[in-house]
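Let me begin by presenting the structure, written as structure tokens, before commenting on it.
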Amino acid sequence: MTLNTSPGPTGSGLFEGTAWHYARYRPTYPKPFFDDLVERFHLDGTGRLLDLGCGTGQLAIPLAAHVAEAVGMDPEPGMLVEAARCARAAGLTNVVWEHGGSADLPGELGQFRMVTMGRSFHWMDREHVLAALDGVVEDNGVIVLANDSCLVRPTTAWQKVVEDVQCRYLPAELAPGEPLPGRLGSAVDHRTHEQVLANSPFAQVDRSVYEFDRTWTIRPPPPRSGSTAPICAAWKSWYAASPPPARWPPNSV
Ligand SMILES: C[S@@+](CC[C@H](N)C(=O)[O-])C[C@H]1O[C@@H](n2cnc3c(N)ncnc32)[C@H](O)[C@@H]1O
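According to the numbering used here, the stretch in the sequence shown is residues 3 to 255, in order.
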């Protein structure tokens, strides 16, 4: 396993300092989703995977066992350090962690049978990255956009507080209101991913929905120094003032 973090671009800063939290608390995806990818796209231990916007490896790590080589790419160096740590802990030896982002594609990473973007496509210039990936994805290869529904679309008072804390620390243009499908490519880009894909080299789209239960445990954050310390402190003081349920949904086990 290798970790290539230098030289390279710097991240946008939005995710700076978050990698520690991502590695420990970011939920991965449900098993039926991974099983479906493996079966549908014949991931038989050959071929290469690129996970773009890999974060701490929520897609690259579970999929690595099904390909010859996985490349996790992210503009935030801290994400790659944590991803490499998690991959080592999982005993993986066929993952390469590359510092970079969508603007660096096509680059010289070679060809891939599958390119995944997990909860990351909306941060990219979507048209640019799809055009660039046309030269990177093998004939008969695929791109996979994975998203999930978000805990903090508020339906209860405590979820509203979570969202308020989050909004207070997001850049103003990203904070309130409904998130746009494409956030960074253009501030006014309301097109859905499907609309953007329809005018791209990846116009043949299949959409699959996997329904599953997820139990959240809710507790105060551990003390942290660095850029996420203020948000941890805000969360902790709210938690002390009005403790939320220890689990969500409340009757889950
Ligand atoms: C919400 S996290 C998703 C992490 C992981 N893939 C997952 O499924 O949980 C979004 C990631 O996209 C990365 N990112 C942001 N802008 C990007 C870009 N232009 N190209 C590639 N990755 C980007 C961020 O650094 C961050 O690690």
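The beta-carbon is built from N, C-alpha and C at its ideal position, and this holds for glycine as well.
Looking at the structure shown, is residue 187 part of a helix, part of a strand, or coil, going by DSSP?
Confidence in residue 187 is poor, its pLDDT being 46 and thus under 50, which makes the residue's placement unreliable; the coordinate value appears in the next sentence. In this structure, residue 187 counts as coil in the three-state DSSP scheme.
Classify residue 245: buried if its beta carbon has 16 or more other beta carbons within 10 angstroms, exposed otherwise.
Only exposed fits residue 245, as fewer than 16 other CB atoms lie within 10 angstroms of its CB.
Would residue 195 and residue 123 be called neighbours here (beta carbons separated by less than 9 Å)?
yes
If you measure from the CB of residue 24, is any heavy atom of ligand 1 nearer than 8 Å?
yes
Whose C-alpha, out of 202, 59 and 4, is nearest the C-alpha of residue 22?
If we check each option's Cα against that of residue 22, 59 comes out closest.
Any non-hydrogen atom of ligand 1 within 8 Å of residue 78 CB
yes
Below 8 Å, can you find three or more Cβ-Cβ pairs linking the region 78 to 94 to the region 131 to 141?
Judged by Cβ distances under 8 Å, the region 78 to 94 makes no contact with the region 131 to 141, as fewer than three pairs qualify.
If you follow the alpha helix (DSSP H) that residue 82 is in, where does it begin and where does it stop?
79 to 91
Kindly indicate the opening and closing residues of the alpha helix (DSSP H) around residue 42.
33 to 42
Which one of 166, 55 and 97 has the shortest CA to CA distance from residue 127?
55
Residue nearest to residue 254 in terms of C-alpha spacing, selected from 76, 201 and 217
Nearest of 76, 201 and 217 to residue 254, Cα basis: 217.
To which residues of the same chain is residue 100 closer than 6 Å at the C-beta, ignoring the five residues directly before and after it?
6, 73 and 75
Please tell me whether, using a cut-off of 8 Å, the distance from the CB of residue 117 to the nearest non-hydrogen atom of ligand 1 is below it.
Residue 117 has its Cβ no nearer than 8 Å to any heavy atom of ligand 1.
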